Amino acid sequence: MVTANIRDVAALAKVSVGTVSNVLNKSKKVSPATESRVTDAIEALGFVRNDAARQLRVGQSRTVGMMVLDVRNPFFTDVARGVEETLAAHARSLILGNSAEDAQRELDYLDLFEEQRVSGLLITPVGDVAPRLERLRKRGSPVVLVDRYEGAANFSSVSADDRRGGALALEHLIGIGRVRTAFVGGPQAIMQVRHRLEGARTALEAAGGGPLRVVEMPTMSAEAGRTAGEQLLDLPIGDRPDAIFAANDLLALGVLQALTHSGLSVPDDIALIGYDDIYFAASSAIPLSSIRQPAQAMGRAAAELLIAEIEDGPPAHYEHVLFQPELVIRDSTRRNNAATRAE
552 MVTANIRDVA
562 ALAKVSVGTV
572 SNVLNKSKKV
582 SPATESRVTD
592 AIEALGFVRN
602 DAARQLRVGQ
612 SRTVGMMVLD
622 VRNPFFTDVA
632 RGVEETLAAH
642 ARSLILGNSA
652 EDAQRELDYL
662 DLFEEQRVSG
672 LLITPVGDVA
682 PRLERLRKRG
692 SPVVLVDRYE
702 GAANFSSVSA
712 DDRRGGALAL
722 EHLIGIGRVR
732 TAFVGGPQAI
742 MQVRHRLEGA
752 RTALEAAGGG
762 PLRVVEMPTM
772 SAEAGRTAGE
782 QLLDLPIGDR
792 PDAIFAANDL
802 LALGVLQALT
812 HSGLSVPDDI
822 ALIGYDDIYF
832 AASSAIPLSS
842 IRQPAQAMGR
852 AAAELLIAEI
862 EDGPPAHYEH
872 VLFQPELVIR
882 DSTRRNNAAT
892 RAE
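Quick look at the structure:
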């Protein structure tokens, strides 16, 4: 089967190739009657524009690349929804990459985005990729960091105050009378994990509490959370925490599985709080307390910053948008008899 090209469309519609191009690019130079003839010809021939070839000719694209830490985490799905909605309003599309918290995979995606000549890039970095991002920008693809501020002096960024979020979680656990707290997180090389832990420690020290037991897992998945929960349950009863703060809700849901499978009561025996307030937090068997981040709003803000840089060029000063987290209290940390006795 022969594929129709733009000249075939022009011949059938009895217009020039330039007129077909104007219709495809939604130019206002074309009259409604002519536009109708062209769109009828496109439909009759089944013509599909080869945007990849067009990009190679003109050296630009209306596609934006985005790389997230873990596509399985609904937090990043919600961020991407905010990005996509904003890009669509500006007639731009999105290519989504998942680094899976893997530094080499991140570099592979950066190679792909560079080859695709994306018009801009939104990224939550795993490793130190600043030199690669600088190269992308020099080649005409602006970059905005998402859910990251540290090290963003030369890039605009959108993030939430993770230190404040970590402090909110520990302040809440202390407030319900818990005295032996643990933190379950992913690799501390990930900035968000490190900052949430720092905030938790600051709150604990300010309250005069004891040490914070830290369990560092290689990933931030529900499976890793369940393993971390089992490790904590292997401790002697007197050393077990009576409250656990997990660095994201997937980890927290895995911890919850381990606790309930062992026959312990949440929160009577061990209180549990997560981070991100994903959809599943409220709908889990024991509704999960969490630290909420405005994921879609963060995505919209990041996309707006990127579009402004694509269309207007580099700003005089790079902008850093910082959102504030919010404590959401559910059954997994409700005040109970055990907490009352501790007080």
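Note that our numbering gives residue 791 to position 240 of the sequence shown, counting from 1, and the numbers run on in steps of one.
Just so you know, even glycine gets a beta-carbon here, dropped at the ideal spot from N, CA and C.
These figures come from a predicted structure and were not determined experimentally.
Around the C-beta of residue i, are 16 or more other C-beta atoms found within 10 angstroms, so that it is buried, or is it exposed?
{"i": "ILE788", "result": "exposed"}
{"i": "HIS723", "result": "buried"}
{"i": "ARG812", "result": "Position check: residue 812 holds His in this sequence, whereas Arg was assumed. Classification of HIS812: exposed, given that the 10 Å Cβ count is below 16."}
{"i": "TYR826", "result": "buried"}
{"i": "GLY597", "result": "exposed"}
{"i": "VAL879", "result": "buried"}
{"i": "GLU894", "result": "Residue placement at GLU894 is poorly supported in this model, since its pLDDT is 36, which falls under 50; the coordinates still yield a value, given next. Exposed is the call here."}
{"i": "ARG558", "result": "exposed"}
{"i": "GLU860", "result": "buried"}
{"i": "SER578", "result": "exposed"}
{"i": "VAL694", "result": "buried"}
{"i": "ARG690", "result": "exposed"}
{"i": "ASP713", "result": "buried"}
{"i": "ASP828", "result": "buried"}
{"i": "LEU786", "result": "exposed"}
{"i": "TYR830", "result": "exposed"}
{"i": "ASP819", "result": "exposed"}
{"i": "GLY761", "result": "exposed"}
{"i": "GLY736", "result": "buried"}
{"i": "ASP662", "result": "exposed"}
Measuring only the C-alpha atoms, how far is residue i from residue j?
{"i": "THR554", "j": "LEU563", "result": "14 Å"}
{"i": "SER582", "j": "ASP591", "result": "14 Å"}
{"i": "LYS565", "j": "VAL677", "result": "53 Å"}
{"i": "LEU783", "j": "PHE626", "result": "26 Å"}
{"i": "LEU575", "j": "PHE664", "result": "24 Å"}
{"i": "ARG699", "j": "ARG851", "result": "15 Å"}
{"i": "LEU763", "j": "GLU855", "result": "39 Å"}
{"i": "ASP653", "j": "ASN573", "result": "43 Å"}
{"i": "GLY671", "j": "THR570", "result": "29 Å"}
{"i": "GLU586", "j": "VAL568", "result": "13 Å"}
{"i": "GLU657", "j": "LEU620", "result": "9 Å"}
{"i": "ARG881", "j": "ILE824", "result": "9 Å"}
{"i": "VAL560", "j": "LYS580", "result": "18 Å"}
{"i": "ALA631", "j": "PHE874", "result": "17 Å"}
{"i": "GLN655", "j": "VAL622", "result": "16 Å"}
{"i": "LEU810", "j": "LEU638", "result": "42 Å"}
{"i": "GLU636", "j": "GLU781", "result": "40 Å"}
{"i": "LEU807", "j": "SER692", "result": "43 Å"}
{"i": "ILE725", "j": "ASP679", "result": "35 Å"}
{"i": "SER834", "j": "ASN556", "result": "51 Å"}
{"i": "ARG688", "j": "PHE706", "result": "10 Å"}
{"i": "ASN624", "j": "GLU756", "result": "31 Å"}
{"i": "MET618", "j": "ILE858", "result": "16 Å"}
{"i": "ASN799", "j": "GLU870", "result": "26 Å"}
{"i": "ILE837", "j": "ALA797", "result": "15 Å"}
Measure the beta-carbon distance from residue i to residue j and round it to whole angstroms, keeping in mind my assumption that it falls under 8 Å.
{"i": "PRO769", "j": "PRO792", "result": "Wrong, their Cβ atoms sit about 21 Å apart, outside the cutoff."}
{"i": "ARG643", "j": "ARG613", "result": "5 Å"}
{"i": "GLY716", "j": "ARG745", "result": "In fact, because the Cβ distance is near 12 Å, the residues do not count as touching under 8 Å."}
{"i": "GLN847", "j": "GLY633", "result": "4 Å"}
{"i": "VAL872", "j": "VAL697", "result": "Not really, about 10 Å apart at Cβ, beyond 8 Å."}
{"i": "ILE795", "j": "ALA733", "result": "5 Å"}
{"i": "THR884", "j": "ILE727", "result": "6 Å"}
Hey, quick one: how far does the alpha helix (DSSP H) through residue i stretch, first residue to last?
{"i": "ASP827", "result": "Premise fails: ASP827 lies in the beta strand (DSSP E), 822-827, not in any alpha helix (DSSP H)."}
{"i": "THR675", "result": "Neither: THR675 is in no alpha helix (DSSP H) and is coded neither H nor E."}
{"i": "ASN573", "result": "568-575"}
{"i": "GLU811", "result": "In the sequence as presented, Glu is not what sits at residue 811; that position holds Thr. Its alpha helix (DSSP H) spans residues 800-812."}
{"i": "THR884", "result": "Premise fails: THR884 is in no alpha helix (DSSP H) and is neither H nor E."}
{"i": "THR770", "result": "It is not in any alpha helix (DSSP H) - THR770 carries neither H nor E in the DSSP assignment."}
{"i": "VAL669", "result": "First-last for VAL669: undefined, no H or E at that position."}
{"i": "GLU594", "result": "583-596"}
{"i": "THR753", "result": "742-757"}
{"i": "THR523", "result": "Only positions 552 to 894 of the chain appear in the structure, and residue 523 is not among them; the question remains open."}
{"i": "VAL634", "result": "625-640"}
{"i": "LEU724", "result": "713-726"}
Strictly under 8 Å for the Cβ-Cβ distance: is residue i near chain D by that measure?
{"i": "ARG843", "result": "You won't find chain D in this structure, because it holds only one protein chain."}
If you follow the beta strand (DSSP E) that residue i is in, where does it begin and where does it stop?
{"i": "MET618", "result": "614-619"}
{"i": "VAL697", "result": "694-697"}
{"i": "GLU877", "result": "877-879"}
{"i": "HIS868", "result": "Neither: HIS868 is in no beta strand (DSSP E) and is coded neither H nor E."}
{"i": "ILE795", "result": "794-797"}
{"i": "ARG558", "result": "That residue, ARG558, is in no beta strand (DSSP E); its alpha helix (DSSP H) goes 557-564."}
- Counting pairs of beta carbons, one from the region 677-687 and one from the region 834-850, are three or more of them closer than 8 Å? no
- Message: For the pair the region 798-813 and the region 773-781, tell me if three or more CB-CB distances fall below 8 Å.
- Response: yes
- Sufficient close CB pairs (3 or more, under 8 Å) joining the region 859-874 to the region 646-655: no
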